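Trainee: Please find one structure pasted underneath; my questions will follow.
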Amino acid sequence: MGKLLYSVTMSLDGFIAGPDGDMSWLTEHLGPNPVVDDLIGDIGALLVGNRTYGGDDPHRGDPEKEGKAFGGGWDGPQFVLTHRPPSRPVPGVTFAGDLATAVAESRAAAGDKYVNVLGADVARQCVEAGELDEVLTIVVGVLLGDGVRLFDRPGGANVRLERIRVDELPHATNLWFRVG
């Protein structure tokens, strides 16, 4: 079964989205990243939180990229963790009401590839359930000052991470960890 990987781009002050989930800040930081380009081919399924699924899109206004995973660079099965699924089916998207079902179904769909976790809350839930295997954080040089934190777990215990690799790019730094 595939590993669960939380991949995300983060501001230097620890935010992955601006206030109210605003993703517009991200657009100018989506420069070339060979690690991400390689990773996209290794993703077999997405496990997405409901707020992320229905939230802001950094490609808003671009008809060729808006609403598409990785701006259209990836296509495959998506699993959305939600207690409020839409009344009509969405092609290629499965809505799951509990984490265990969402993880099991996304792992099965991914085969031996990664399940890419998108969304801070679903990533936190995966950590708490002992399901998250790796974290790839792409740190970019901007300070947002407010918004959605990379990982917010008030009162939570430390989560040990083992560094797998670090890549310094002109516009970002990739930090890849194994959850220990």
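Numbered per full-length UniProt numbering, the sequence shown spans residues 1 to 180.
Every residue gets a Cβ at the ideal spot worked out from N, C-alpha and C, and that includes glycine.
Predicted, not measured: the structure shown is a model, and the values here were computed from it.
Please determine, among M23, V117, G31, the residue with the shortest C-alpha to C-alpha distance to L169.
Mentor: Indexing the sequence shown from 1 puts residue 169 at position 169. Checked all of M23, V117, G31; the closest Cα to L169 is G31.
Trainee: Considering only DSSP beta bridges, list what Q125 is partnered with.
Mentor: On the sequence shown, residue 125 is found 125 positions in, with the first residue counted as 1. In DSSP, Q125 forms no bridge with anything.
Trainee: Just mark R124 as buried or exposed, buried being the case when its beta carbon has 16 or more other beta carbons within 10 Å.
Mentor: Residue mapping note: residue 124 aligns to position 124 of the sequence shown, counting from 1. Looking at its Cβ environment, which holds 16 or more other Cβ atoms inside 10 Å, R124 is buried.
Trainee: If we ignore side chains and look at the alpha-carbon of each, how far apart do S4 and A96 end up?
Mentor: Locating residue 4 in the sequence shown gives position 4, where the first residue counts as 1. Locating residue 96 in the sequence shown gives position 96, where the first residue counts as 1. Reading off the sequence, residue 4 comes out as Leu, not Ser. Taking the straight line joining both Cα atoms gives about 16 Å.
Trainee: W176 bridges to which residues according to DSSP?
Mentor: Reading the sequence shown from its first residue, position 176 is the one you call residue 176. The partner list for W176 (beta bridge, DSSP) reads L136, R165.
Trainee: Evaluate S87 with the Cβ neighbour count: other Cβ atoms within 10 Å of its Cβ, from every protein chain shown; 16 or more gives buried, anything less gives exposed.
Mentor: Indexing the sequence shown from 1 puts residue 87 at position 87. The residue is exposed, with fewer than 16 neighbouring Cβ atoms inside 10 Å.
Trainee: Can you give me the start and stop residues for the beta strand (DSSP E) that T94 sits inside?
Mentor: If you number the sequence shown from 1, residue 94 lands on position 94. First-last of the beta strand (DSSP E) with T94: 93 to 96.
Trainee: Pull up the CB-CB distance for A120 and F151, whole angstroms please, since I reckon it's below 8 Å.
Mentor: Within the sequence shown, the letter at position 120 stands for residue 120. Within the sequence shown, the letter at position 151 stands for residue 151. Yes, A120 and F151 are in contact; Cβ-Cβ is about 7 Å, under 8 Å.
Trainee: Using a threshold of 8 Å, state whether the C-beta atoms of S7 and L46 are closer than that.
Mentor: Within the sequence shown, numbered from 1, the residue matching residue 7 stands at position 7. Within the sequence shown, numbered from 1, the residue matching residue 46 stands at position 46. For S7 and L46, no; Cβs fall outside 8 Å.
Trainee: Compute the Euclidean distance between the alpha carbons of E105 and T94, then round it to the nearest angstrom.
Mentor: Against the sequence shown, residue 105 aligns to sequence position 105. Against the sequence shown, residue 94 aligns to sequence position 94. Spanning the two alpha carbons is a distance of roughly 9 Å.
Trainee: Taking contact to mean at least 3 C-beta pairs separated by less than 8 Å, is the segment 46 to 55 in contact with the segment 157 to 172?
Mentor: The answer is no - the segment 157 to 172 does not touch the segment 46 to 55, with fewer than three Cβ pairs under 8 Å.
Trainee: Going by the DSSP bridge assignment, what does G49 pair with across the sheet?
Mentor: Residue numbering aside, residue 49 sits at position 49 when the sequence shown is read from its first letter. According to DSSP, G49 bridges with L81.
Trainee: For G92, is the classification buried or exposed, using 16 other Cβ atoms within 10 angstroms of its Cβ as the cut-off for buried?
Mentor: Here residue 92 refers to the residue found at position 92 when the sequence shown is read from its first residue. Result: exposed.
Trainee: Would you please state the rounded distance, in angstroms, between the beta carbons of V142 and S11? I believe it to be under 8 Å.
Mentor: On the sequence shown, position 142 is the one that residue 142 refers to. On the sequence shown, position 11 is the one that residue 11 refers to. With a Cβ gap of about 5 Å, V142 and S11 count as contacting.
Trainee: Output needed for W176: all residues of its chain with C-beta closer than 6 Å, excluding positions within five of it in sequence on either side, in chain order.
Mentor: Counting from 1 along the sequence shown, the entry for residue 176 is found at position 176. Hits under 6 Å: L136, I164, R165.
Trainee: So, helix, strand or coil for G44, using DSSP?
Mentor: Within the sequence shown, residue 44 is the residue found at index 44, counting from 1. The answer is strand: DSSP assigns G44 an E or B state.
Trainee: Could you say which of A109, C126, G111 lies nearest to V117 if we only look at CA atoms?
Mentor: The residue labelled residue 117 in the question sits at position 117 within the sequence shown. Among A109, C126, G111, the Cα nearest to that of V117 is on C126.
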